Amino acid sequence: MAQGKWSLSSPTAISRRRAVQGLALAGAGAIAAPALIGRALAASRTIKLGFVSPESGPIASFGSADEFILAGVRKAIGDGIIVGGVKYPVEILVRDSQSNPSRAAEVAAELITKEKIDLMLASSTADTVNPVADQCEVNGVPCITTDTPWDAFFFGRGGDPAKGFDWTYHFFWGVGQIVETFTGLWNAIETNKTVGALWSNDSDGVAVSNPVHGLPPGFIKAGFKLIDAGLFTPLSNDFTAQITKLKAEKCDIVTGVFLPPDFATFWAQCAQQGFKPKAVTVAKALLFPASVEALGDRGVGLSSEEWWSPDHPFKSGLTGQSAAELCADFTKATGKQWVQPIGFKHALLEVALDVLKRTKNVDDPGSIMESIAATDYQSIVGPVSWKKGPVKNCTTTPLVGGQWVKGKTSKYDIQIVNNAAYPGIATVGKFQPIAYGS
Amino acid sequence: MTVAALTIVRATPSTRLGLVFIASLVAGLLSAPLWATTDALRLLIDIFLYVALACLWNFLAGYAGLVSVGQQAFVGLGGYGLFALSAKAGIPPLLCVPIVGLAAALLSIPIAGLLFRLRGAYFAIGSWVVAEVFRLSAILLTPLGGGSGMSLPARIAQSVGRAPHDRFVAVYWTALALLLGILVIIFLALRSRTGLALTAIRDNELAARSNGVNVGRTKLIVYVATAFGTAMIGALIFLQRLRISPDAAFSVNDWTALVIFMVVIGGLGSFEGPILGALIYFLLRETLANLGPTYLMVLGAVAILVMLLAPRGLWGLVRSRWQIQLLPLQLRVIPLTKH
Chain A
61 MAQGKWSLSS PTAISRRRAV QGLALAGAGA IAAPALIGRA LAASRTIKLG
111 FVSPESGPIA SFGSADEFIL AGVRKAIGDG IIVGGVKYPV EILVRDSQSN
161 PSRAAEVAAE LITKEKIDLM LASSTADTVN PVADQCEVNG VPCITTDTPW
211 DAFFFGRGGD PAKGFDWTYH FFWGVGQIVE TFTGLWNAIE TNKTVGALWS
261 NDSDGVAVSN PVHGLPPGFI KAGFKLIDAG LFTPLSNDFT AQITKLKAEK
311 CDIVTGVFLP PDFATFWAQC AQQGFKPKAV TVAKALLFPA SVEALGDRGV
361 GLSSEEWWSP DHPFKSGLTG QSAAELCADF TKATGKQWVQ PIGFKHALLE
411 VALDVLKRTK NVDDPGSIME SIAATDYQSI VGPVSWKKGP VKNCTTTPLV
461 GGQWVKGKTS KYDIQIVNNA AYPGIATVGK FQPIAYGS
Chain B
4 MTVAALTIVR ATPSTRLGLV FIASLVAGLL SAPLWATTDA LRLLIDIFLY
54 VALACLWNFL AGYAGLVSVG QQAFVGLGGY GLFALSAKAG IPPLLCVPIV
104 GLAAALLSIP IAGLLFRLRG AYFAIGSWVV AEVFRLSAIL LTPLGGGSGM
154 SLPARIAQSV GRAPHDRFVA VYWTALALLL GILVIIFLAL RSRTGLALTA
204 IRDNELAARS NGVNVGRTKL IVYVATAFGT AMIGALIFLQ RLRISPDAAF
254 SVNDWTALVI FMVVIGGLGS FEGPILGALI YFLLRETLAN LGPTYLMVLG
304 AVAILVMLLA PRGLWGLVRS RWQIQLLPLQ LRVIPLTKH
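Going down the list, the sequences are from chains A and B. Note that the first sequence covers residues 61 to 498 in the numbering used here. Note that the second sequence covers residues 4 to 342 in the numbering used here.
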């Protein structure tokens, strides 16, 4: 039956094999028909969702909440969802990308050809999202992704704003919001407005440092002087040259994109060289409590983008839980401190279910696409609607500025200190320059 | 006591049976697009590509004694070549495959000039260093996406076949043709003068040299031929992946460590070994891959067990226990008349 989706993209290509399969199906249906009488409104099949996420490997922390989130969503789905008056059971097929873009492409191809999924979901970093979305685009499978800047998703895949993509949609914040948030933080304290920047040479770093649609022109436009130390090779061990440059230029502010271990190396070498910027606001490296704990007390005062927190005033449209309730449940279930991906993993699944519930004909991928494009949904990460995106296939979610402080119940906590871009999200503390001990 | 007349043969009843088996297998695989599902084709393509990589590495390491851990250099080169030629120069993707193979073969000659100065472990490390140089160079190639890599535009992937099934069929034919071509060439090479020289080098390089084998030239032929095949396989791998990045293209884990695993458990230095090893790997992957880290531990345990219990690989074990051979490659001495 799901074979039908292939013929949609090429109505003429009905091979002998498919015809034989169709006959076999019809035959089986004729034999099984008596058994099905009386269950007219029960669906004849299961709706299948593919869910690709990094659960092992270097970026496994992004997938650390998957099990908890999936358990909650599966419970909310129960024995099925109603699509077009028919109740369908829903199966979520989870695949681990092993933090490897090749593996992500492989499992995506398998989900598409073997499991014949109806809708693909992928999340966490461009290295997971992009290969999966590419497979869906070429094979004509509806796909929703999140948890990587939309610029990396769109431009990183060679997207053309005039045309966009046919099958792949994305929701997350983008580079423009980072500019607003970071400069908002820096304007809150007194500095010489000189920003030093370093970028990890990977999918996210390349997208964010782009001289045309990346951060650099944004910072300059906001009145900051930018000292660009350029791209560095991920997992390199020596930042001496960059630090010397930033120190010589007297940068009060340091920004950029780092992997957590790279930032730990960089920050330790800053201390060795006696480089003491007033604000260090970096993307990607400071998202998880574990990354900050690895820095010890030198992690206090560092700042980062904050995509989501228990203090965000949003509720799940699926379970009705508030952000704070979801985080509390996570801590209760796992004994661990909340992490930012929790909200987005949940949001990805609830958006997918909302899309399916509004789909007219679930057997037609085109109908699922129409439903995706028409989305206007209140999720646990805020409103999601592709009608008002920066480009055709992308929509943005709120972004605020966070700073790491000593925690009350946990070792370190990130708290919202700037809400310039989204005044609806209340700040919890005030942005402070980094305090250096003697 | 009568002295039996002796003769030397390659073909034995088991190789004759083997040829029948192989012929029917090839016939089955050739007709697969008629009966297999898209998913089965996808899996078969994956298997073909890895079997080819394993056989090529075995040709290099098992016969020519060139234990390279840098074959990912050519896989990545093939992948990047395909993306550059098809996305930037508009050449049809399947036509790019032989072109990148030729380019890699040409490039492998100066690399060989560099690496052949090194021996044994130094050669292995040197080959890895070359692959790392390739990876770091790819990071600097901004037109091809730099460190973030690039996607193959959907229209180019669809030029291979509009509907997904047609695309899989086209790639399937190419992969199968490539695999059979590689196997036939290795088979013929092993039965030729070069093959004799290679077997001599495999068994004892010094002895081979003293018997007049031109070791350097023989090794160069194998190295260049392997680069040619590996790059073409790499191009097909990334045509299937649809996205390339320096870390994925030049991954030592994916394109060399796994391949060594296959060859070692199958049997280094035998024609059939790497094929068996690749099939065992896919059996493990298809059944256990969802176990996450446990799966990798199982792979490790299998490798250790095979190395301890069957140092010549599983095919070596089969061959020595039952005296069977699928292909007429080994010379045997048998009595002409029975007494």
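Ideal placement from N, C-alpha and C gives every residue a C-beta, glycine not left out. Please read all numbers here as calculations on a predicted model, not as lab measurements.
#1: To the nearest angstrom, report how far apart Q400 of chain A and A354 of chain A are at their CA atoms.
#2: Given a limit of 9 Å on CB to CB distance, which residues of the region 104 to 122 of chain A reach chain B?
#3: Measuring CA to CA, which of B:L63, B:F24 and B:F86 is closest to I263 of chain B?
#4: Of all Cβ atoms in chain A, is any one closer than 8 Å to the Cβ of M153 of chain B?
#5: Of all the options B:G269, B:F190, B:V133 and B:R335, which has the alpha carbon lying nearest to the alpha carbon of S71 of chain B?
#6: Where does T435 of chain A fall in DSSP's three states?
#7: Classify I172 of chain A as buried or exposed, calling it buried when 16 or more other Cβ atoms lie within 10 Å of its own Cβ.
#8: Could you tell me whether the region 190 to 204 of chain A touches the region 154 to 165 of chain B, using the rule of 3 or more Cβ pairs below 8 Å?
#9: Please classify I204 of chain B: does DSSP put it in a helix, a strand, or coil?
#10: Do V415 of chain A and S427 of chain A have their beta-carbon atoms positioned less than 8 Å apart in this structure?
#11: Can you find at least 3 beta carbon pairs, one from the region 384 to 400 of chain A and one from the region 330 to 344 of chain A, that sit closer than 8 Å?
#12: Where does P146 of chain B fall in DSSP's three states?
#13: Cβ closer than 7 Å: which chain B residues qualify as neighbours of V198 of chain A?
#14: Looking only at its chain, what residues have a beta carbon closer than 8 Å to the beta carbon of L181 of chain B, apart from the 5 residues adjacent to it on each side?
#15: Assuming the contact rule is C-beta atoms closer than 8 Å, Q333 of chain A and K307 of chain A should be a hit. Round their C-beta distance to whole Å, please.
#16: Where do the ends of the beta strand (DSSP E) carrying T341 of chain A lie?
#17: Where does A67 of chain B fall in DSSP's three states?
#18: Is there contact here, the region 256 to 272 of chain A with the region 476 to 492 of chain A, by at least three beta-carbon pairs under 8 Å?
#19: Would you grab the beta carbon distance between D156 of chain A and S183 of chain A for me? Rounded to a whole angstrom, and I think it's under 8 Å.
#20: Short of 9 Å Cβ to Cβ, which residues in the region 176 to 191 of chain A face chain B?
#21: Under 8 Å between C-beta atoms, does A100 of chain A make it to chain B?
#22: May I ask you to verify whether the region 306 to 318 of chain B touches the region 262 to 277 of chain B, counting CB pairs closer than 8 Å and requiring at least 3?
#23: Considering Cα atoms alone, identify which of B:V78, B:K91, B:I11 and B:L242 is closest to S111 of chain B.
#24: S254 of chain B touches chain A at which residues, Cβ-Cβ below 9 Å?
#25: What is the residue span of the alpha helix (DSSP H) that H406 of chain A lies within?
#26: According to DSSP, simplified to helix, strand and coil, what is N297 of chain A?
#27: What's the gap between the Cα of W233 of chain A and the Cα of P249 of chain B?
#28: Locate the beta strand (DSSP E) running through G442 of chain A, then write down its first and last residues.
#29: Would the beta-carbon of R196 of chain B fall within 8 Å of that of L332 of chain B?
#30: Cβ of V225 of chain B within 8 Å of Cβ of A67 of chain B?
#31: State the start and end residues of the unbroken beta strand (DSSP E) segment that holds L329 of chain B.
#32: Is DSSP giving K430 of chain A helix, strand or coil here?
#33: Do we get a CB-CB distance below 8 Å when we pair K405 of chain A with the residues of chain B?
#34: Name the chain A residues that come within less than 9 Å of P96 of chain B, Cβ to Cβ?
#35: Check the C-beta distance from V342 of chain A over to G316 of chain A and give it rounded, since I have them as a contact under 8 Å.
#36: Taking the alpha-carbon positions, what's the V103 of chain B to A230 of chain B distance?
In terms of the structure at hand:
#1: 18 Å
#2: E115 and S116
#3: B:L63
#4: yes
#5: B:V133
#6: coil
#7: buried
#8: yes
#9: helix
#10: no
#11: no
#12: helix
#13: A157, A160, Q161 and L245
#14: F51, A55, V100, G232, M235, I236 and L239
#15: 7 Å
#16: A339 to A343
#17: coil
#18: no
#19: So it is not a contact: roughly 12 Å between Cβ atoms.
#20: K176, A186, D187, N190 and P191
#21: Bear in mind that a pLDDT of 41 at A100 of chain A, under 50, signals an unreliable position, so the number given afterwards is only what the model happens to contain. So no, A100 of chain A is outside the interface.
#22: yes
#23: B:V78
#24: N160 and S162
#25: P401 to R418
#26: coil
#27: 26 Å
#28: G442 to V444
#29: no
#30: yes
#31: First-last for L329 of chain B: undefined, no H or E at that position.
#32: In the sequence as displayed, the identity of residue 430 of chain A is Glu instead of Lys. Looking at E430 of chain A - three-state DSSP - the assignment turns out to be helix.
#33: no
#34: Neighbours of P96 of chain B on chain A: none; closest Cβ ~12 Å, over 9 Å.
#35: 5 Å
#36: 10 Å
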